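Listed in order, the protein sequences are those of chains A and B.
Counting along the first sequence from 1, when you hit position 227 you're at 227 in my numbering, and nothing is skipped either side.
Counting along the second sequence from 1, when you hit position 58 you're at 582 in my numbering, and nothing is skipped either side.
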Amino acid sequence: MSGKLAPLHRGLMLCATAALLFAFFVYLLYTVNLLGFPYDYDQGEGFELVDSVFFSRGQLPYRDTEAYPFYASNYPPLFHVMAAPFVWLFGPAYWYGRLLGFVGSLISALAIARAVYRDGGGQKWIALLSGLAFLSSNFVYHIGPLFRQHTMMVTFEVAAVVLLASAFPRRDKGGIALGLLLLLCAGYTKQLAAFSALAVFAWMLLRRPGSALRWLAAFTLAGGLIFLWLNLASGGEWWRQAIVANVNDFIHEQALGLSFLWLKLHLALLVPAALLLLYEMYLDRLSLYSIWFALTALLGGVASGTWGAGDSYFVTSIAAACVLSGIFWSRTLAGSWRMPGFLRGLPLGRVSAIAMLIAPLLYLAYARATLKTPTDGAFSSLATVLGISGNTRDNFYDSATYRVGGYARIGYLLSPDDLAAGDAIVQLILEADKPAMSEDAGFSLAAGRDVISNPTQLRNLHKAGLFKGEALLKMIEEREFGVVILRALFYPPPVLEALDQNYEAGRTIRMNDFDYLILYPRSP
Amino acid sequence: MPPLFTGLAALTKLGFMNGDDGGLTKRQLGIILSLLGALALVAILAIDALDFGRQGGIGPAQSLALAVAAITALVGLTLIPLGDAPA
């Protein structure tokens with residue numbers, strides 16, 4: 001039976017590969033488009049660049065926000081340390097941080113393919129589709145080529161898990177140490193890696209509790225020493241800025257909306273992943289991948305409901321789902337399932353034959369579910385064939401749409417108008433004879449002016465009761481800023497109230513689908 | 525002996541304590557998950573019982589947490605009969 005189906009299987013596999021390669025092509029276009037854009041595309045990119053500038057000068061970005069320029073970061077340091085050599089070579093710019101993120105996403109995809117190939121029994125084609133499936137996800141696509149540390153955290157997590165899944169059972173001490181070092185790197189890239197660390201140690205405890213406890217002690221000691229050093233070197237600001245002020249409100253509608261969207265877009269991966277998880281739970285040993293998938297999906301889903309979080313919080317669970325679904329199809333196609341005695345009567349040969357059609361069809365369905373594409377120019381014919389039209393911008397289709405709160409409202413390609421709008425805002429800063437206060441750091445950096453404040457961090461500190469802001473409010477009341485640029489009103493209420501009383505709207509400039517409100521000091 | 529006590533006794537026989545370090549069984553994992561789920565259920569319900577001044581009863585986030593805790597406990601219970609198979 002499988003012999004007769006082989007040509008159809010190959011044909012469908014080619015179609016699935018072509019569909020996922022198309023998704024990769026659009027991802028490349030998006031990346032190249034972003035690399036040439038010198039301003040913030042996603043809110044927060046500029047502040048990650050500012051952090052990198054601090055590290056390039058040998059300074060920490062965990063600072064006192066009560067003193068000028070009222071700036072502090074709440075992110076761990078590693079990604080910005082990685083970007084610091086580029087600051088030395090090229091000065092402050094967005095392209096290298098975006099390139100680092102993009103390369104990180106490619107490394108994650110390669111590690112996923114490697115895991116599927118190694119642990120799935122050497123099915124090369126399924127391994128390739130698993131890696132491409134990761135890059136096709138709408139959630140990965142959004143955040144991949146941004147100057148944000150999230151993608152690099154996922155890269156470290158995926159590399160750590162793939163390495164440890166092999167090294168720990170083999171008692172390979174070098175491999176385990178390297179895997180845990182990568183996990184530590186993930187944690188010092190972004191705090192969210194704690195979920196992966198939890199999964200790793202839960203699995204290690206299941207397999208060899210004594211050994212796991214010894215490795216956990218070493219891991220905690222190494223992580224704790226870095227933590228202590230950061231806190232001492234920053235005079236306690238690391239604890240205050242990155243830990244205490246990093247607690248936000250929980251919006252349950254956002255968590256539920258994003259969880260349903262994750263389910264809807266990735267269902268073709270999640271079903272085989274869940275089947276492998278159930279198989280391991282009841283008929284085999286639990287693999288690291290299964291525990292990683294279950295914990296990061298659950299905890300990432302819950303965490304996605306916090307203010308400021310979003311779809312990116314599911315990216316780690318998507319990587320895990322790609323690995324699990326790839327291993328599931330590899331074993332099914334090879335007919336290599338090990339069944340207990342009471343299930344040996346199952347017609348596995350027939351299942352394997354049917355899987356020759358279902359596996360590529362599900363990858364095709366996944367490619368359609370996660371489709372993102374421009375709909376104009378060279379893509380207009382394709383859009384007509386697929387029956388789609390622009391739904392996020394006039395000329396860009398994203399299967400996820402923008403209907404769910406917390407889903408990043410980005411992903412489309414930027415136009416020359418966006419660049420001109422950014423240049424116009426920079427010109428306004430250059431024309432001002434006083435400092436400029438901006439919600440995006442990129443404009444001040446491009447103008448060669450001080451970056452004043454980090455609005456979301458001031459908001460976090462204010463909510464935690466850790467921001468008085470007397471000096472900043474005094475500067476606003478005395479109208480010491482020549483121009484103020486607002487985008488999303490992220491500043492804490494007292495700052496916004498002071499701005500309202502002392503500044504007036506000048507004009508609005510639209511860039512990247514956001515309206516930037518330009519304020520000028522009110523006349524005395 | 526009731527199954528729960530049998531399970532607790534099984535938990536005290538973790539291999540690594542005898543220098544074996546052979547890993548947990550399905551039964552031990554089942555007991556751990558059941559206990560964690562049950563403790564979480566009690567803790568979540570206790571939030572309401574102890575927080576007298578709050579209005580509105582169990583909120584959506586709490587309902588979600590209750591569901592997760594209950595599922596964890598149920599999954600744990602289904603693993604206990606699988607005995608000494610490695611987890």
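Here a beta-carbon is modelled for each residue, glycine too, at the ideal position from N, C-alpha and C.
Quantities reported herein were computed from a predicted structural model and do not represent experimental measurements.
Under 8 Å, with one C-beta from each stretch per pair, do the region 424-439 of chain A and the region 274-294 of chain A reach the 3-pair mark? no
When Thr384/A, Pro416/A and Val315/A are compared against Leu298/A, the one with the closest alpha-carbon: Val315/A
Using CA coordinates, which residue listed in Leu230/A, Ala218/A and Ala19/A is at the minimum distance from Gln59/A? Leu230/A
When DSSP labels each residue in this structure, what does Ser464/A get in the three-state scheme? Before going on, a small fix: residue 464/A reads as Ala here, not Ser. Of the three classes helix, strand and coil, the one that applies to Ala464/A here is coil, per DSSP.
Reducing DSSP to helix, strand and coil, say where Leu230/A ends up. helix
Can you tell me which of the three DSSP states Ile243/A falls into? helix
Indicate whether the contact test is met: 3 or more Cβ pairs, each with one atom in the region 128-145 of chain A and one in the region 104-112 of chain A, closer than 8 Å. yes
Would Phe47/A pass as a contact of Asn460/A if the rule is Cβ separation under 8 Å? no
Kindly list the residues whose CB is nearer than 7 Å to the CB of Ala498/A, restricted to its own chain and excluding five residues on each side of it in sequence; keep chain order. Leu473, Ile476 and Glu477
In terms of DSSP beta bridges, what is Val484/A paired with? Met437/A and Leu519/A
Assign Ile582/B to buried or exposed, taking buried as 16 or more other Cβ atoms, counted over all protein chains shown, within 10 Å of its Cβ. exposed
How many Å lie between Gln254/A and Pro7/A at the Cα? 45 Å
By Cβ distance below 7 Å, which residues in the same chain neighbour Tyr407/A in space, the five residues on each side in sequence not counted? Leu258, Leu261, Gly310, Asp311 and Ala400
One or two residues paired with Glu431/A in a DSSP bridge: Beta-bridge pairing links Glu431/A to no other residue.
Who are the near neighbours of Phe134/A in its chain, counting only those whose CB is closer than 7 Å to its CB and skipping five residues on each side? Ser108, Ala109, Ile112, Val140, Ile318, Ala319 and Cys322
Should the region 151-160 of chain A be regarded as contacting the region 33-46 of chain A, the criterion being three or more beta carbon pairs within less than 8 Å? no
Any beta carbon from chain B within less than 8 Å of Ser211/A's own beta carbon? yes
Any contact between the region 420-429 of chain A and the region 66-74 of chain A? By contact I mean 3 or more CB pairs, one from each, below 8 Å. no
Give the single residue among Asp500/A, Thr392/A, Leu275/A and Arg98/A whose Cα lies nearest to the Cα of Trp337/A. Leu275/A
Residue-chain proximity (Ala562/B, chain A), Cβ-Cβ < 8 Å: no
In this structure, what does DSSP give as the bridge partners for Asp398/A? Lys372/A
Comparing C-alpha positions only, which one of Ala294/A, Gly305/A and Leu49/A sits nearest to Ala199/A? Ala294/A
What three-state label does DSSP hand Ala609/B in the structure shown? coil
Throw me the rounded Cβ distance for the Ala611/B and Gln552/B pair, which I believe falls under 8 Å. 7 Å
Rounded to whole angstroms, how far is the Cβ of Val483/A from the Cβ of Leu428/A, which I believe are closer than 8 Å? 6 Å
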